[in-house]
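Student: Structure incoming, see below.
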Amino acid sequence: MKKALTKKRKVSKTVGVSQSIRSTVRSEFYQSVAEVLRTARSNAYRAVNFAMVQAYWHVGRMIVEEEQQGQKRAGYGKALIQELSVGLTAEFGSGFGSTNLAYFRRFYLAFPIFHTVCEKSADGSINAVESAKGATPWHLLTWSHFKLLLRVEKPEARDYYAREAAEQNWSVRALERQINSLYYERLHMSRRKKAVIDEMQQKTAHLAPNPKDFIKDPYVLEFLGLKDNPDFRESDLEQAIIGKLQAFMLELGKGFAFVARQQRISTDTKDFFIDLVFYNYLLKCFVLIDLKTGELAHQDIGQMDMYVRLYEDKYKSKDDNPTIGIILCTDKDETVVKYSVLKENKQLFASKYKLYLPTEQELIEEIEREKAMIVRERGEMYGT
Numbered sequence: 113m114k115k116a117l118t119k120k121r122k123v124s125k126t127v128g129v130s131q132s133i134r135s136t137v138r139s140e141f142y143q144s145v146a147e148v149l150r151t152a153r154s155n156a157y158r159a160v161n162f163a164m165v166q167a168y169w170h171v172g173r174m175i176v177e178e179e180q181q182g183q184k185r186a187g188y189g190k191a192l193i194q195e196l197s198v199g200l201t202a203e204f205g206s207g208f209g210s211t212n213l214a215y216f217r218r219f220y221l222a223f224p225i226f227h228t229v230c231e232k233s234a235d236g237s238i239n240a241v242e243s244a245k246g247a248t249p250w251h252l253l254t255w256s257h258f259k260l261l262l263r264v265e266k267p268e269a270r271d272y273y274a275r276e277a278a279e280q281n282w283s284v285r286a287l288e289r290q291i292n293s294l295y296y297e298r299l300h301m302s303r304r305k306k307a308v309i310d311e312m313q314q315k316t317a318h319l320a321p322n323p324k325d326f327i328k329d330p331y332v333l334e335f336l337g338l339k340d341n342p343d344f345r346e347s348d349l350e351q352a353i354i355g356k357l358q359a360f361m362l363e364l365g366k367g368f369a370f371v372a373r374q375q376r377i378s379t380d381t382k383d384f385f386i387d388l389v390f391y392n393y394l395l396k397c398f399v400l401i402d403l404k405t406g407e408l409a410h411q412d413i414g415q416m417d418m419y420v421r422l423y424e425d426k427y428k429s430k431d432d433n434p435t436i437g438i439i440l441c442t443d444k445d446e447t448v449v450k451y452s453v454l455k456e457n458k459q460l461f462a463s464k465y466k467l468y469l470p471t472e473q474e475l476i477e478e479i480e481r482e483k484a485m486i487v488r489e490r491g492e493m494y495g496t
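Using our numbering, the letters of the sequence shown correspond one by one to residues 113 to 496.
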């Protein structure tokens, strides 16, 4: 009996070791395959990014040469950019409006030596990615990086931030923090440079770049002519709620017409995305909706007020009534809805708008109902 037990234990031990070896082999094999795919994605990212930035630089150069013809001033620069943007937007999409074309122009003027790499790779004799890597690390930066760098007025500071961002692999958020905190100036004024660098690294550790960010980069999607899918930027639950809410607003029968989803509006330094935009033809006004996952914060209200002002400046006509904003904040415990009404429009909102807009309570009940339904459907789908 003892011999049988001993033999059984040996067999069991052997099987365990064998399974462990197979598991290790699978793990090593999986990692090898995964590394091939990671490298391919990285190379694809660098190639697309370089081609996009290179194209923007060339467009900027062509604008400068056309409007200035080698001179530093031009009489019809704005008119040229406006006219060009109309044609490019019609053919290539919203990424080529007059604001972005002006950025391309500034990009060329701020980084004039970029052409040394562009020209080497233009005839195909040098691979674009390798050329970008070999010539200067600046060309490994994304267009979002360059837009931030254009805010830096001093050329030496701008070049420093560009070089460090590429060599240290700073994310866009990390670069923005360094610029806003005057990292370059503080570093050059300090006698204890290591302390400044250590502090910077500690405070930006949580801002490390995520390789998946490239997949959802709206600039890349626009450049490639792909649909700017909001699912890349938001959670599945949040997007499902937005989809249901869109249908709910249209079904109210109170004059709502759908305008856009994830519509981009821009300041001189940053892009923002509004979850839903409607036009109410009874009220003759735009209605902006922004969904937040989490508790309502004071900055959410301020952000919506900014959206409203930006939207009015860009889209509101003389015959339109003031734009209204709706903030929806939902977490696992509570849903909060708040109308964002600019101070000067509160009387109009109280006297007229409330007749056609859903109440805050109606929106809360609709969101809670849809959220519960979505969670239940997902649970049934996965058998939970």
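Glycine residues also receive a C-beta, built at the ideal position from the N, C-alpha and C atoms.
In this text the structure is predicted, and so the values were computed from the model without any measurement.
If distances are taken between C-alpha atoms only, which option among Thr447, Asn433, Lys430 and Tyr451 comes closest to Lys414?
Tutor: Numbered from its first residue, the sequence shown carries residue 414 at position 302. First, the amino acid is wrong: residue 414 is Gly here, not Lys. With distances taken between Cα atoms, Gly414 lies closest to Tyr451.
Student: Look at the Cβ atom of Gln362, then the Cβ atom of Ile401, and state whether they are nearer than 8 Å.
Tutor: The count along the sequence shown starts at 1 and reaches residue 362 at position 250. The count along the sequence shown starts at 1 and reaches residue 401 at position 289. The sequence given here places Leu at residue 362; Gln does not occur at that position. No. Outside cutoff.
Student: My output table needs one value for Val165: the three-state DSSP class, helix, strand or coil.
Tutor: Within the sequence shown, residue 165 is the residue found at index 53, counting from 1. For Val165, the three-state secondary structure derived from DSSP is helix.
Student: Among Val449, Arg218 and Thr435, which one has its Cα closest to the Cα of Tyr168?
Tutor: The residue given as residue 168 occupies position 56 in the sequence shown. Comparing Cα-Cα distances from Tyr168 to each of Val449, Arg218 and Thr435, the minimum goes to Arg218.
Student: When we look at the beta-carbon of His300 and count the other beta-carbons within 10 Å, is it buried (16 or more) or exposed?
Tutor: Position 188 of the sequence shown, counting from 1, holds the residue named residue 300. With fewer than 16 other Cβ atoms within 10 Å, it is exposed.
Student: Determine the extent of the beta strand (DSSP E) in which Tyr391 is found, giving its start and end residues.
Tutor: Numbered from 1 along the sequence shown, position 279 holds the residue referred to as residue 391. Segment Asp383 to Asn392, the beta strand (DSSP E) holding Tyr391.
Student: Taking DSSP as the reference, what is the three-state secondary structure of Phe223?
Tutor: Along the sequence shown, one-based indexing puts residue 223 at 111. In this structure, DSSP gives Phe223 a state outside helix and strand, which the three-state scheme calls coil.
Student: Out of curiosity, what's the CA-to-CA distance linking Arg298 and Ser256?
Tutor: Start at 1 with the first residue of the sequence shown, and residue 298 comes out as number 186. Start at 1 with the first residue of the sequence shown, and residue 256 comes out as number 144. Rounded to the nearest angstrom, the two C-alpha atoms are 24 Å apart.
Student: Could you spell out where the beta strand (DSSP E) holding Asp402 opens and where it closes?
Tutor: Against the sequence shown, residue 402 aligns to sequence position 290. That run of the beta strand (DSSP E) goes Cys397 to Thr405.
Student: Identify whether Thr254 lies in helix, strand or coil by the three-state DSSP scheme.
Tutor: What you label residue 254 is simply residue 142 of the sequence shown in a count that begins at 1. Correct three-state label for Thr254: coil.
Student: So is Asn392 buried or exposed if we call it buried at 16+ other beta carbons inside 10 Å?
Tutor: The residue given as residue 392 occupies position 280 in the sequence shown. Looking at its Cβ environment, which holds 16 or more other Cβ atoms inside 10 Å, Asn392 is buried.
Student: Which residues in the same chain as Lys356 place their Cβ atom closer than 7 Å to its Cβ, once the five residues preceding and following it in sequence are excluded?
Tutor: Here residue 356 refers to the residue found at position 244 when the sequence shown is read from its first residue. Hits under 7 Å: Glu482.
Student: Taking DSSP's pairing of strands, which residues face Val449 in a bridge?
Tutor: Sequence index remark: in the sequence shown, residue 449 carries index 337 (1-based). For Val449, which the question treats as bridged, DSSP gives the partners Leu440.
Student: Alpha carbon to alpha carbon, how far is Tyr157 from Leu395?
Tutor: As a first step, residue 157 is located in the sequence shown; it is residue number 45 there, counting from the start. As a first step, residue 395 is located in the sequence shown; it is residue number 283 there, counting from the start. Cα to Cα, the separation comes out at about 46 Å.
Student: How is Val264 classed by DSSP in three states: helix, strand or coil?
Tutor: Translated into positions along the sequence shown, residue 264 becomes position 152. For Val264, the three-state secondary structure derived from DSSP is coil.
Student: Rounded to whole angstroms, what's the CA-CA distance from Tyr272 to Tyr296? Just pull it up for me.
Tutor: As a working mapping, residue 272 is identified with position 160 in the sequence shown. As a working mapping, residue 296 is identified with position 184 in the sequence shown. Near 8 Å, if we compare the C-alpha coordinates of Tyr296 and Tyr272.
Student: In the DSSP assignment, what residue or residues form a beta bridge with Arg376?
Tutor: Residue numbering aside, residue 376 sits at position 264 when the sequence shown is read from its first letter. Answer by DSSP bridge pairing, in chain order: Phe385.
Student: Just mark Glu268 as buried or exposed, buried being the case when its beta carbon has 16 or more other beta carbons within 10 Å.
Tutor: Along the sequence shown, one-based indexing puts residue 268 at 156. Glu268 counts as exposed, since fewer than 16 other C-beta atoms from the protein chains shown sit within 10 angstroms of its C-beta.
Student: Work out the CA separation of Lys466 and Asn433 for me, nearest whole Å.
Tutor: Within the sequence shown, the letter at position 321 stands for residue 433. Within the sequence shown, the letter at position 354 stands for residue 466. Distance between the alpha carbons of Asn433 and Lys466 is about 14 Å.
Student: Have a look at Leu403, Asn155, Val371 and Lys266 and flag the residue whose alpha-carbon is nearest the alpha-carbon of Gln351.
Tutor: As a working mapping, residue 351 is identified with position 239 in the sequence shown. Of Leu403, Asn155, Val371 and Lys266, the residue nearest in Cα terms is Leu403.
Student: Among Val160, Val264 and Leu260, which one has its Cα closest to the Cα of Ala286?
Tutor: One-based indexing of the sequence shown puts residue 286 at position 174. Ranking Val160, Val264 and Leu260 by Cα distance to Ala286 puts Leu260 first.
Student: So who's on the other strand from Phe360, going by DSSP bridges?
Tutor: Here residue 360 corresponds to residue number 248 of the sequence shown, with the count starting at 1. Beta-bridge annotation (DSSP): Phe360 is not paired with any residue.
Student: Please state if the CB of Ile353 and the CB of Arg438 are separated by a distance shorter than 8 Å.
Tutor: Locating residue 438 in the sequence shown gives position 326, where the first residue counts as 1. Locating residue 353 in the sequence shown gives position 241, where the first residue counts as 1. At residue 438 the sequence reads Ile, which differs from the Arg that was named. Not closer than 8 Å, so no.
Student: My understanding is that Tyr468 touches Gly367, with C-beta atoms under 8 Å, so please give their C-beta distance in whole angstroms.
Tutor: The residue given as residue 468 occupies position 356 in the sequence shown. The residue given as residue 367 occupies position 255 in the sequence shown. The pair is a contact, with the Cβ atoms about 6 Å apart (cut-off 8 Å).
Student: Is it the case that the Cβ atoms of Phe141 and Ile175 are separated by a distance below 8 Å?
Tutor: The residue labelled residue 141 in the question sits at position 29 within the sequence shown. The residue labelled residue 175 in the question sits at position 63 within the sequence shown. No, they are not a contact pair.
Student: Under 8 Å between the Cβ atoms of Leu192 and Glu178?
Tutor: As a position in the sequence shown, residue 192 is number 80, starting the count at 1. As a position in the sequence shown, residue 178 is number 66, starting the count at 1. Yes. Within cutoff.
Student: Taking DSSP as the reference, what is the three-state secondary structure of Ala409?
Tutor: What you label residue 409 is simply residue 297 of the sequence shown in a count that begins at 1. Note: Ala409 maps to coil in three-state DSSP.
Student: On the criterion of 16 or more Cβ atoms from any shown chain inside 10 Å, does Ala202 qualify as buried, or is it exposed?
Tutor: Within the sequence shown, numbered from 1, the residue matching residue 202 stands at position 90. Label assigned to Ala202: exposed.
Student: Have a look at Ala409, Val160, Val420 and Ser378 and flag the residue whose alpha-carbon is nearest the alpha-carbon of Phe390.
Tutor: Here residue 390 refers to the residue found at position 278 of the sequence shown. It is Val420.
Student: Does the Cβ-Cβ distance between Gln374 and Phe360 come in under 8 Å?
Tutor: As a working note, residue 374 is residue 262 in the sequence shown. As a working note, residue 360 is residue 248 in the sequence shown. Result no, Cβ atoms of Gln374 and Phe360 do not sit closer than 8 Å.
Student: Can you find the residues in the same chain that come closer than 7 Å, C-beta to C-beta, to Leu253, ignoring five residues on each side of it along the sequence?
Tutor: Counting from one through the sequence shown, the residue named residue 253 turns up at place 141. Excluding residues within five positions, the ones whose Cβ falls inside 7 Å are Ala274, Ala277 and Ala278.
Student: Looking at C-alpha atoms only, which residue of Phe162, Arg270, Val284 and Gln194 is the closest neighbour of Asp383?
Tutor: Residue 383 sits at position 271 when you count from the first residue of the sequence shown. It is Val284.
Student: Give the straight-line distance between the Cα atoms of Ser237 and Pro224, rounded to the nearest whole angstrom.
Tutor: Locating residue 237 in the sequence shown gives position 125, counting from the first residue. Locating residue 224 in the sequence shown gives position 112, counting from the first residue. Bear in mind that a pLDDT of 39 at Ser237, under 50, signals an unreliable position, so the number given afterwards is only what the model happens to contain. Taking the straight line from one Cα to the other gives about 22 Å.
Student: So, using beta-carbon positions, are Thr442 and Thr405 closer together than 8 Å?
Tutor: Along the sequence shown, one-based indexing puts residue 442 at 330. Along the sequence shown, one-based indexing puts residue 405 at 293. Yes, these two residues count as a Cβ contact at 8 Å.
Student: Report buried or exposed for Gln166, applying the criterion of at least 16 other Cβ atoms within 10 angstroms of its Cβ.
Tutor: Position 54 of the sequence shown, counted from the first residue, corresponds to residue 166. The residue is buried, with at least 16 neighbouring Cβ atoms inside 10 Å.
Student: Are the Cβ atoms of Lys426 and Ile476 separated by less than 8 Å?
Tutor: Residue numbering aside, residue 426 sits at position 314 when the sequence shown is read from its first letter. Residue numbering aside, residue 476 sits at position 364 when the sequence shown is read from its first letter. It is not a contact, given that the beta carbons lie outside the stated cut-off.
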